[in-house]
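Chemist: I am attaching a structure below and will ask some questions about it afterwards.
Residue numbers (our numbering): 1136 to 1258.
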């Protein structure tokens, strides 16, 4: 349960994906609803059966700052995906990183995307 709560707390407020669920909804779930959500996540993890809606994204064009909005090339696409899916992904990532780090399974020169590691720190 702590992993679920931590993942929800760490999440940035962002727009809802195609399922219409916002992180602010997740932050206000009761303990009983959080237990139900955790059961759902455990079932998905065990069966590998990801809800089809979690595989969808809504792509929204966002204008680049300071650029002419009448020119279509001055937009960048943003894919809005399910907050529920991103919460589960965050939990899986935390566990994976913990296992890799605690068992020293990563090379000391592997610095990219690692907490407290920087490129050029190892020679």
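C-beta: ideal position from N, C-alpha, C; glycine also.
#1: Skipping 5 residues on each side, what residues in its chain have a beta carbon closer than 7 Å to that of residue 1198?
#2: Can you tell which of 1138, 1187 and 1196 has the C-alpha that lies nearest to the C-alpha of residue 1172?
#3: For residue 1244, does the three-state DSSP call read helix, strand or coil?
#4: Measure the Cβ-Cβ separation of residue 1146 and residue 1157 and say whether it is below 7 Å.
#5: Who does residue 1211 pair with in a DSSP beta bridge?
#6: Got a sec? Which residues, its chain only, sit under 6 Å from residue 1216 by beta carbon, not counting five neighbours each side?
#7: Please give me, in chain order, every unbroken run of the beta strand (DSSP E) with length at least 3 that falls completely inside the segment 1138 to 1196.
Modeler: In short:
#1: What you label residue 1198 is simply residue 63 of the chain shown in a count that begins at 1. Once the five neighbours on either side are set aside, the close Cβ partners of residue 1198 are 1204, 1209 and 1210.
#2: Stepping through the chain shown from its first residue, residue 1172 is reached at position 37. With distances taken between Cα atoms, residue 1172 lies closest to 1138.
#3: Against the chain shown, residue 1244 aligns to sequence position 109. If DSSP states are grouped into helix, strand and coil, residue 1244 belongs with coil.
#4: Mapped onto the chain shown, residue 1146 falls at position 11. Mapped onto the chain shown, residue 1157 falls at position 22. No, they are not a contact pair.
#5: By one-based count along the chain shown, residue 1211 stands at place 76. According to DSSP, residue 1211 bridges with 1197.
#6: Mapped onto the chain shown, residue 1216 falls at position 81. Same-chain partners within the cutoff: 1152 and 1192.
#7: none
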